[in-house]
Amino acid sequence: MALIDICIYPDPVLRETARPVTEVDHYLRKLADDMAETMYQAPGIGLAANQVGVPVRLVVIDLQKEDYEQGLITLINPEIVAAEGTTTFEEGCLSVPEFFADVKRSEQVTVRALDLDGKPFEIRASGLFAVALQHEIDHLSGRLFIDHINPIKRDIFKRRWKKKLKQQSDPDQP
Ligand code: K1U
Ligand code: ZN
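Numbered by my numbering, the letters in the sequence shown go through residues 164 to 337 in order.
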């Protein structure tokens with residue numbers, strides 16, 4: 164297994180629509196393994212392939228540390244096939260480090276996907292599991308959690324982010 168660099172906002176790959184997986188082969192399994200290791204090391208509870216610079220429809224999630232029964236789950240070509248209710252959760256993103264904001268999403272979702280053997284499966288999730296699934300599936304459409312926050316907060320975020328990036332590239336600037 165190997166660690167992969169996580170792409171940071173505003174990297175354009177984060178805005179790409181990921182292409183569907185057509186073959187579950189050795190390369191895809193290796194990418195899923197490396198993504199899981201990268202997610203654990205970050206640490207995070209999920210990771211989408213766009214975030215490691217590969218725009219394909221592949222997601223890993225592990226919520227065991229958050230007291231969920233659900234351990235590592237790999238989802239290939241995931242699709243939300245049903246959604247119910249609404250919930251608000253303070254989200255973060257490994258591609259937007261150190262920024263957190265409340266996001267309103269569906270409270271329960273049913274997701275259909277393929278596993279690493281290419282076999283279809285369906286999961287019904289609620290709470291943080293449902294939030295994480297929606298957050299990761301959004302990544303595959305080039306959508307970030309900051310796209311869901313109110314426009315005033317988003318403008319403040321964008322201004323602060325620009326300043327932070329400028330400071331990182333030229334630490335002597337005031
Ligand atoms: O996609 C990502 O960037 C991963 C992201 C997933 C996520 C977090 C919170 C709500 C929805 C989706 C993260 O894992 S950010 C890190 C984080 O929230 C966390 C890290 C360790 C333990 C618990 C949470
Ligand atoms: Zn994210």
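Yeah, the Cβ is synthetic: ideal placement off N, Cα and C, and Gly gets one too.
On the three-state DSSP scale, how would you describe L275? Within the sequence shown, residue 275 is the residue found at index 112, counting from 1. Just to set this straight, residue 275 is Arg in the shown sequence, not Leu. It is a strand residue.
Neighbourhood of M164 by C-beta distance below 8 Å, restricted to the same chain and skipping five residues each side: Taking the sequence shown and counting its residues from 1, the one referred to as residue 164 is at position 1. D196, D197, A199 and E200.
Could you tell me if R287 is buried or exposed, where buried requires 16 or more neighbouring beta carbons within 10 angstroms of its beta carbon? As a first step, residue 287 is located in the sequence shown; it is residue number 124 there, counting from the start. Exposed, because fewer than 16 other Cβ atoms sit within 10 Å of the Cβ of R287.
Measure the alpha-carbon distance for N213 versus P241 and round it to whole angstroms. Translated into the one-based positions of the sequence shown, residue 213 becomes position 50. Translated into the one-based positions of the sequence shown, residue 241 becomes position 78. Their Cα atoms are separated by approximately 14 Å.
Within the present structure, is the beta-carbon of S258 separated from the nearest heavy atom of the ligand K1U by less than 7 Å? On the sequence shown, position 95 is the one that residue 258 refers to. Because some heavy atom of the ligand K1U lies under 7 Å away, the Cβ of S258 counts as near it: yes.
What's the gap between the Cα of I236 and the Cα of R322? Position 73 of the sequence shown holds residue 236. Position 159 of the sequence shown holds residue 322. Going from the Cα of I236 to the Cα of R322 covers about 36 Å.
G209 - containing beta strand (DSSP E), residue span: Along the sequence shown, one-based indexing puts residue 209 at 46. Looking at the DSSP string, the run of the beta strand (DSSP E) that includes G209 is G209 to A211.
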